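Chemist: In our numbering, the protein residues as written are 9 to 135.
Just so you know, even glycine gets a beta-carbon here, dropped at the ideal spot from N, CA and C.
Predicted model only: the values in this text are computed from it and were never measured.
(1) Assuming residue 63 contacts residue 84 under a Cβ cut-off of 8 Å, what Cβ separation, rounded to an integer in Å, is found between them?
(2) When we look at the beta-carbon of residue 27 and count the other beta-carbons within 10 Å, is it buried (16 or more) or exposed?
(3) Near residue 81, what residues of its chain come up, given a Cβ to Cβ distance below 6 Å and the 5 sequence neighbours on each side ignored?
(4) Taking DSSP as the reference, what is the three-state secondary structure of residue 75?
(5) Please state the DSSP three-state secondary structure of residue 36.
(6) Which value, in whole angstroms, describes the spacing of the CA atoms of residue 21 and residue 42?
(7) Based on the DSSP secondary-structure assignment, which residues constitute the bridge partners of residue 27?
(8) Which residue wins for smallest C-alpha separation from residue 73, given the options 114, 35, 133?
(9) Output needed for residue 110: all residues of its chain with C-beta closer than 8 Å, excluding positions within five of it in sequence on either side, in chain order.
(10) Could you have a look at residue 82 and say whether DSSP puts it in helix, strand or coil?
(11) Could you spell out the range, first to last residue, of the beta strand (DSSP E) harbouring residue 53?
(12) Using only the alpha-carbon positions, how far apart do residue 48 and residue 124 sit?
(13) Please go through the same chain and pick out, in chain order, the residues whose beta-carbon is closer than 7 Å to the beta-carbon of residue 137, but skip the five residues on each side of it.
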């Protein structure tokens, strides 16, 4: 697992690097950061978040309306071997949520919630 960033300025820089990427699906929101493997996805129905996934350097925080509670884990995207870019990633969830990772992602969401309403909705799901 990658060491979680705790420096407030670096967390702010990560949050501010997230840019909205247009998708063909109006109910899906994708934000991509400048840091390696830093993405945020939201699935929305009737203006309500039903699923989200934050990935950063092979770490993941995920939430699904049908399964209450935040999940953490790791992805295989950093272990691509001979392939330059893996076409898909798999997730191995932690037996117990990684609180340090959740707090890190929550800090990013809090900063982004000022500018992006979807992040303000997501912030409520971290409570």
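Modeler: Answer, in terms of the structure:
(1) Not a contact, Cβ separation roughly 11 Å.
(2) So residue 27 counts as exposed.
(3) In its chain, beyond the 5 residues on either side, 68, 99, 100, 101, 102 have a beta carbon closer than 6 Å to the beta carbon of residue 81.
(4) Residue 75 falls in the strand class under three-state DSSP.
(5) It is a strand residue.
(6) In this model, residue 21 and residue 42 are separated by some 9 Å (Cα to Cα).
(7) For residue 27, which the question treats as bridged, DSSP gives the partners 40.
(8) Checked all of 114, 35, 133; the closest Cα to residue 73 is 133.
(9) The beta carbon of residue 110 lies closer than 8 Å to those of 69, 78, 80, 134 in the same chain, with the five residues before and after it left out.
(10) Residue state, collapsed to three classes: strand.
(11) That run of the beta strand (DSSP E) goes 46-53.
(12) In a straight line, the C-alpha of residue 48 is about 12 Å away from that of residue 124.
(13) Here the chain comprises residues numbered 9 to 135, so residue 137 is not present and cannot be evaluated.
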